[in-house]
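Presented below is the structure to which this report refers.
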Ligand code: PMV
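Residue numbers (this note's numbering): 43 to 381.
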């Protein structure tokens, strides 16, 4: 039997149809997308080409921390200006972006000038590709006047970077893994619950670009880690617990489950061949400090993505003690003053 392989271009056809050939509705397309931190992680793909995940995931957005994108058409080659600096054409970042734009290029002289401004470090495990691709997908929608609904925008963002599918909204966002081959059922949606007391503390220990991309680490883990075999089942249990914790505002359950989920993800990476270890010694000492504080009765938890930085979870009432313990912390209150 010949297996039908779905390409990204097929998904674009399904979503845009005739609109793909429409002239731009505006001279400039603009959009902002918040960064998001997964409480139940996306780790492993069931389809690498389409960024279709093995498991569903759930995130919290970081309010006004994220990326602003501004896109115009230009005649020559694609050009990207990231935080005021022109991105070299030969860089992997520009190549990744141009490959994404190829999906929307109806003629070879249709090129994209993109100005992206972020207020989070790039490539340091703070979901810069998530807010980057989400803002770009939304800015394209604005430029061409496609008027896509949120579901289709989430799918477009996913084709750029998996976690970008969750960066279209503020608050808690659930990305359903879906089961279909074309991934038209794999998109994110916001949860209606808010939680004003919830605080996220960003501890940036190193803002350099990571040596192994999350894309590469994820694939290596799926292919070589024995522990990863337990991931789909455990992740489903974690997702259920986190959803329950959010609906009941059970902070202990939320924090414990999110921390365990992140620690299992990192265990699968360290178990892969060759192992991937994103943690610095400072990352480990801070984890020890957090466990110590918990022993003393403080409800504080952490999560960690594909980088050494930690994101702390705590409640607003404990802000003072947390800032005393972690001097360089930057606090985000996802449900307060977010735009
Ligand atoms: O979307 P990607 O390819 O950057 O992968 C993100 C993976 C994690 O950040 C580690 C987890 C997640 O769910 O965001």
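Beta carbons are placed, not taken as given, at the ideal position from N, Cα and C, and that holds for glycine. Predicted, not measured: the structure shown is a model, and the values here were computed from it.
Separation of residue j from residue i, as counted between CA atoms
{"i": "residue 101", "j": "residue 64", "result": "34 Å"}
{"i": "residue 194", "j": "residue 363", "result": "43 Å"}
{"i": "residue 377", "j": "residue 242", "result": "11 Å"}
{"i": "residue 265", "j": "residue 67", "result": "44 Å"}
{"i": "residue 337", "j": "residue 355", "result": "16 Å"}
{"i": "residue 280", "j": "residue 85", "result": "13 Å"}
{"i": "residue 207", "j": "residue 93", "result": "10 Å"}
{"i": "residue 382", "j": "residue 293", "result": "The structure shown has nothing for residue 382, since the chain only spans 43 to 381."}
{"i": "residue 381", "j": "residue 160", "result": "Residue confidence for residue 381 is low, a pLDDT of 45 falling below 50, so the modelled location carries little weight; the figure read from the coordinates is stated next. So the two alpha carbons sit approximately 15 Å from each other."}
{"i": "residue 288", "j": "residue 148", "result": "44 Å"}
{"i": "residue 50", "j": "residue 91", "result": "7 Å"}
{"i": "residue 352", "j": "residue 298", "result": "15 Å"}
{"i": "residue 346", "j": "residue 185", "result": "35 Å"}
{"i": "residue 205", "j": "residue 257", "result": "11 Å"}
{"i": "residue 330", "j": "residue 342", "result": "12 Å"}
{"i": "residue 216", "j": "residue 295", "result": "18 Å"}
{"i": "residue 315", "j": "residue 307", "result": "15 Å"}
Candidates the options, of which the one nearest residue i by Cα
{"i": "residue 213", "options": "223, 239, 225 and 195", "result": "239"}
{"i": "residue 250", "options": "215, 322 and 187", "result": "322"}
{"i": "residue 196", "options": "123, 186, 185 and 173", "result": "173"}
{"i": "residue 220", "options": "327, 129, 357 and 95", "result": "95"}
{"i": "residue 305", "options": "315, 277, 286 and 291", "result": "277"}
{"i": "residue 79", "options": "111, 56, 209 and 128", "result": "209"}
{"i": "residue 320", "options": "254, 232, 139 and 183", "result": "254"}
{"i": "residue 107", "options": "290, 77 and 233", "result": "77"}
{"i": "residue 146", "options": "58, 315 and 99", "result": "58"}
{"i": "residue 136", "options": "151, 150 and 171", "result": "171"}
Proximity of residue i and residue j at Cβ, strictly below 8 Å
{"i": "residue 9", "j": "residue 203", "result": "In the structure as shown, the chain begins at 43 and stops at 381. Residue 9 is therefore absent and cannot be evaluated."}
{"i": "residue 350", "j": "residue 310", "result": "no"}
{"i": "residue 69", "j": "residue 274", "result": "no"}
{"i": "residue 153", "j": "residue 176", "result": "no"}
{"i": "residue 284", "j": "residue 81", "result": "yes"}
{"i": "residue 269", "j": "residue 313", "result": "yes"}
{"i": "residue 73", "j": "residue 180", "result": "yes"}
{"i": "residue 211", "j": "residue 103", "result": "yes"}
{"i": "residue 53", "j": "residue 201", "result": "yes"}
Residue i, buried or exposed, once every other Cβ within 10 Å from all chains shown has been counted against 16
{"i": "residue 370", "result": "exposed"}
{"i": "residue 187", "result": "exposed"}
{"i": "residue 144", "result": "exposed"}
{"i": "residue 327", "result": "exposed"}
{"i": "residue 359", "result": "exposed"}
{"i": "residue 126", "result": "exposed"}
{"i": "residue 46", "result": "exposed"}
Check: residue i C-beta below 7 Å from any heavy atom of the ligand PLP
{"i": "residue 79", "result": "Absence of the ligand PLP is noted for the structure shown, with the ligand PMV being the only ligands found."}
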